[in-house]
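Numbering (the numbering used here), first residue to last: 23 to 436.
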């Protein structure tokens, strides 16, 4: 008997929920008064549309896909944070979930109090929490801060406490989202090691991540979601190949309105990320080198096309560059194939999940593109230290002068 059964599940959210004007709200209110649902059925966003899968007891299922694919929605449904619009979900056994930062924690309570609160929410009795308390605190490495209100915690500290509680309730089913992208890489390695111990103990797990190496290492099978639909369910390596080098790029490109304004004289065929040694990767540490490769082919004679890339987090553009800035020129004939590569010698981003938009323009100043892909590749960055929510690392030095005790020597920050 499967530990998880997800049968033809659909989940819809209302686009204007909580933001509508009085004019928008009145029809709904009047509809309820007369016994009708006045909500606009056409204003629904389908996060999941007919998704089905099973997870056997002791199996680790990975879920991959671009932002907005429905990955986190699956976990929220499995953990009963929300309910499906239609379909049937069965989960057998105690469920522990690490889905959103701070979920299940009260900001005004201390870490100590929140351990008891979160443990109770997950079904533990106080005696059981007492027995596990020291182990939870030790795993989180928050001994000095355990009596501090958690509203003062950094995102990395939230992850430490949340993960420590989640793995100490002895769950039958463990659900983990991309929150492990936050926090220092040493603690993340510790978490991955604990997840592997859960796997070896025959626990059932569902893991959502953009970290290709983590999915490869942990997952028996992988589900590839795109816009709320199942694109593939099966062998992990095949799912990753489809997502990172094949189907995902094609699916994403079809969503870009107006791509190829010039008739697609040049089109992008593949995009990939590599490390400094040229090996494919999509997880990096701060200050490591990263290579972005854009494979393309030409369908017409073209002179001096301009390739560009933009690193983004959500809607924020963190860095952008073009070949025009380096005065790179070239002539291409129909049928030519090539590769454009940008080397980021030091990836000075901090903990987080990022994506890259790529494209080919007619010239540096033209808004018209031959081709473009938004969110062509995704990657995560880990750092040795939690930087309080900052996005970038700027190499710098501190010095303090005037101290009575010997000191004041500058030291490079990391």
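Glycine included, every Cβ here is placed at the ideal spot set by N, Cα and C. Given the structure is predicted, the values throughout are model-derived calculations rather than measurements.
Uninterrupted beta strand (DSSP E) stretches at least 3 residues long and entirely within the region 328 to 377 occur at 328 to 335, 338 to 344, 359 to 366, given in chain order. For residue 95, the uninterrupted alpha helix (DSSP H) run begins and ends at 93 to 100, by DSSP. About 5 Å separates the CB atoms of residue 114 and residue 25; that is less than 8 Å, so the two are in contact. A contact between stretches requires three or more CB pairs, one per stretch, nearer than 8 Å, and the region 75 to 94 fails this requirement with the region 146 to 165. Going by C-alpha positions, residue 168 is about 14 Å away from residue 181. For residue 29, the enclosing beta strand (DSSP E) stretches over residues 26 to 36.
Counting of Cβ neighbours within 10 angstroms places residue 173 among the exposed residues, the total staying below 16.
Inter-residue distance for residue 81 and residue 224 is about 7 Å (C-alpha atoms, whole angstroms). The beta carbon of residue 399 sits closer than 6 Å to the beta carbons of 293, 295, 378 from its chain, once the five residues preceding and following it are set aside; these are given in chain order. Under the 10 Å beta carbon count, residue 98 is surrounded by 16 or more other beta carbons and is classified as buried.
The region 301 to 308 makes no contact with the region 325 to 336; the number of CB pairs closer than 8 Å stays below 3. Residue 23 and residue 356 have their alpha carbons spaced roughly 57 Å apart. When DSSP states are grouped into helix, strand and coil, residue 141 belongs to the helix group. Nearest Cα to residue 86 within the set 341, 251, 395: 251.
Residue 208 carries a helical assignment under DSSP once its states are collapsed to helix, strand and coil.
In this structure, residue 194 keeps its C-beta atom at 8 Å or more from the C-beta atom of residue 102. Between residue 405 and residue 369, the C-beta gap is not smaller than 8 Å, which leaves the two residues out of contact. No residue range can be given for residue 146, since it is assigned to no alpha helix (DSSP H) and is classified by DSSP as neither H nor E.
About 5 Å separates the beta carbon of residue 184 from that of residue 120, a gap short enough to meet the 8 Å contact definition. Excluding sequence positions up to five before and after residue 233, its CB lies within less than 6 Å of the CB of 305, 402, all in the same chain and listed in chain order. No Cβ-Cβ contact shorter than 8 Å links residue 198 with residue 84. Counting the other Cβ atoms within 10 Å of the Cβ of residue 190 gives 16 or more, which makes it buried. DSSP places residue 74 in the uninterrupted beta strand (DSSP E) bounded by 66 to 77.
For the 8 Å CB-CB criterion, residue 137 and residue 161 do not form a contact.
With respect to residue 132, residue 179 sits apart: the two C-beta atoms are not nearer than 8 Å. In this structure, residue 343 sits away from residue 362, with a CB-CB distance that is not shorter than 8 Å.
Taking 8 Å as the upper bound for CB-CB distance, residue 324 and residue 385 are not in contact here, some 11 Å apart.
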